[in-house]
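*Asks:* This structure is in structure tokens; I'll ask about it shortly.
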Amino acid sequence: MADAHSADERRQDTRPRLVVAGIGGAGCNAVNRMIDAGLSGVDMIAMNTDRDALSLCQSPLRLPLGPETTEGLGAGGDPKVGCRAAEESRNEIRRSLQGAQMVFLAAGMGGGTGTGAMPVVADIAASLGILTVAVVTKPFTFEGPRRKRNAEAGIDELKGRADTVIVVANDRLLDGCGAGSMPLIDAFRIADDVLRQGVQGISDIITVPGSVNVDFADVKATLSQAGTAMMGIGEAEGEGRAITAARRAAHSPLLDTSINGALRVLINMTSGPDLKLAEFNEAASMIQDLCDPKESRFIFGWVLDPAMEGKVRVTVLATGFAQPDQRPVTPIASQELRPQPQQVPVRPVAMAESSPISEPADTSDGREQVPVTVQSLLTAGSEAGEPDYIIDEHDLDTPALYRRR
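Take any residue in the sequence shown, note its place counting from 1, add 223, and you have its number in the numbering used here.
Set out below in structure tokens:
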């Protein structure tokens, strides 16, 4: 018995430290969902500029961003304010992430805190050499073109800082998952849960031991400096359960990326002891056929769970897509800004106050450090004739799906 306990303790000691950082309203809601779902093996951190909203988060570690910048009243939907708030709290963010081998960043893009602060947090994680995965949502079209442009600019920023970015398009709820006919409350619940699924789908691969094991090194090889990623989970039972689950995982209606063209693919299957070799092979072959069987690298895992008797769950994590050319971007100023005829000199988020822009911060994994650049946010929504959307100030920082009802 003592030997068994010792083995458990050794296994605990060798597990990588995984951190989930929920940023802004949507990110904090995602952290609550993970806690409610009993997600284990990860440390939770909630970060927000809104003191009252942060107090409602269940996370044991709650980090207020920019208490002097925002006075705890939120970013008012302005990504520049979110960026400055995160810069003010740079040291606190760094301390909260130290010692982690992998960090998940969860946020809704388009508002103030998530859009503005997440690139700063990603830069800090990169400077610490931490494998960084961002799981973000894009706003509904009805939230307006300004918010959409803010989201796109923020996602562009993340692609230069996080190892991997998984993007969930909220608009897909309107055409997928039968959302057109489902009750509104169920649609909100699904959308709230998407960020949790994205994080838990990956963290479970690492923290839940399998009969055919996928370890942290496998996940790191798939996600390190990978750019855009696709992550899908499918579950099925009955006849054709394995291939049905694989098909659902590979064609998630909510994700903004298809598995087609992926060069690095991790497939993890969970089942009861009744899964047959032919079923496993059929499901894996279907996913391989969607990629390039000759060029793609595949990693397979299998978790035996007696509670899954008669069922199969497939998790697919795909990266290595051809990246389109990134449009040029310029830095956000960390001061009160209005559009100016000339570029305003700015402080890059990846460096200390006194560091020159041309010198990237030190990283242990070779990731290039670049300044946070969301210049399009400075003039977002300022085109002539474009309507301004009036939204309650307490809701500005949280996309519609993630506001508490």
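Just so you know, even glycine gets a beta-carbon here, dropped at the ideal spot from N, CA and C.
1. Taking a contact to mean a Cβ-Cβ separation below 8 Å, would you say D497 touches E460 in this structure?
2. In three-state DSSP terms, what is E294?
3. Considering Cα atoms alone, identify which of V526, I429, A530 and L540 is closest to R487.
4. If you reduce the DSSP assignment to three classes, tell me which class G343 lands in.
5. Tell me the DSSP secondary structure of D438 in three-state form.
6. Where D515 and A452 are concerned, what is the direct C-alpha to C-alpha distance, given to the nearest angstrom?
7. Under a Cβ-count criterion, where at least 16 other Cβ atoms within 10 Å of its own Cβ denotes burial, should Q294 be classed as buried or exposed?
8. Please return the same chain residues whose Cβ sits closer than 6 Å to the Cβ of T467, not counting the five positions on each side in sequence.
9. Determine the DSSP secondary structure at S494, reduced to helix, strand or coil.
10. Checking the sheet assignment: what are the DSSP bridge partners for M453?
11. Going by Cα to Cα distance, which pick from M509, R520 and G495 is closest to L527?
12. Name the one or two DSSP bridge partners that G245 has.
13. Quick one: what's L286 bridged to in DSSP?
14. Helix, strand or coil: how does DSSP classify R487 here?
15. Going along the chain, which residues of its own chain have a beta-carbon closer than 6 Å to the beta-carbon of A348, five neighbours each way excluded?
16. How many Å lie between V552 and P302 at the Cα?
17. Mind checking which residues open and close the beta strand (DSSP E) that includes L389?
18. Which runs of the alpha helix (DSSP H) fall wholly inside the segment 298 to 325 and span at least 4 residues, in chain order?
19. Which value, in whole angstroms, describes the spacing of the CA atoms of G291 and A340?
20. Which residues in the same chain as A298 place their Cβ atom closer than 6 Å to its Cβ, once the five residues preceding and following it in sequence are excluded?
21. Exposed or buried, D427, counting other C-beta atoms within 10 Å across all chains shown (16 or more means buried)?
22. Would you mind working out which of K443, V243, R317 and E311 sits nearest P283, comparing C-alpha positions?
23. In terms of residue numbering, what span does the alpha helix (DSSP H) encompassing F503 cover?
24. Out of D275, G463 and I389, which has the shortest C-alpha to C-alpha gap to V422?
25. So, under 8 Å CB-CB, K361 and A374 are touching, yes? Tell me the CB distance rounded to an integer number of Å.
26. Please report the straight-line C-alpha distance between A506 and L262, rounded to a whole angstrom.
27. Could you tell me which residues DSSP pairs with F521 in its beta bridges?
28. Rounding to the nearest angstrom, what Cα-Cα distance links A501 and K382 in this structure?
29. Would a C-beta distance cut-off of 8 Å place M270 and L288 closer than the cut-off?
30. With a threshold of 7 Å, establish whether the CB of I258 neighbours any heavy atom of the ligand NAP.
31. Is DSSP giving V417 helix, strand or coil here?
32. Between which two residues does the alpha helix (DSSP H) holding A469 run?
33. Please list the terminal residues of the continuous alpha helix (DSSP H) segment that includes A376.
34. Within the same chain, show all residues whose beta-carbon is closer than 7 Å to that of I543, passing over the 5 residues directly before and after it, in chain order.
35. Taking 8 Å as the limit between beta carbons, can you name the residues of its chain near A308, skipping five residues before and five after?
36. Contact check, A473 vs I429 under 8 Å by CB: the rounded distance?
*Replies:* The answer reads as follows:
1. In this structure, D497 keeps its C-beta atom at 8 Å or more from the C-beta atom of E460.
2. coil
3. L540
4. Per the sequence presented here, residue 343 reads as Val, with Gly not at that position. Reduced to three states, the DSSP call for V343 is helix.
5. coil
6. 16 Å
7. Per the sequence shown, residue 294 should be read as Glu rather than Gln. By the 10 Å Cβ count, E294 comes out exposed.
8. A459
9. Of the three classes helix, strand and coil, the one that applies to S494 here is strand, per DSSP.
10. A541
11. For L527, the nearest C-alpha among the options comes from G495.
12. A269 and A329
13. Looking at the DSSP output, L286 bridges to M270.
14. strand
15. Cβ neighbours of A348 beyond the five flanking positions: L320, V326 and T355.
16. Note that V552 scores a pLDDT of 34, beneath 50, so its modelled location is shaky; the value from the coordinates is reported in the next line. Here the C-alpha atom of V552 lies approximately 15 Å from the C-alpha atom of P302.
17. Going by the sequence as given, residue 389 is Ile instead of Leu. Bounds of the beta strand (DSSP E) holding I389 are T387 to A392.
18. Taking only runs of at least 4 residues, the alpha helix (DSSP H) segments lying wholly in the segment 298 to 325 are 302 to 311 and 313 to 320.
19. Correcting the residue identity first, residue 291 is Glu in this sequence and not Gly. If you take the alpha carbons of E291 and A340, they lie about 15 Å apart.
20. If we look at A298 and ignore the five residues flanking it on each side, its Cβ neighbours are T272, V304, G305, G335, T336 and D620.
21. buried
22. V243
23. Its alpha helix (DSSP H) spans residues L500 to L513.
24. I389
25. 5 Å
26. The straight-line gap from Cα to Cα measures roughly 27 Å.
27. F521 is bridged by DSSP to V488.
28. 39 Å
29. yes
30. In the structure shown, the ligand NAP is absent, as is every other ligand, since no ligand is present at all.
31. helix
32. R464 to A473
33. P368 to K382
34. Note that residue 543 is Gly in the sequence shown here, rather than Ile. So the qualifying residues of the chain are A449, A485, L486 and R487.
35. T272, L288, G289, T292, T293, A298, T336, G339 and A340
36. So it is not a contact: roughly 21 Å between Cβ atoms.
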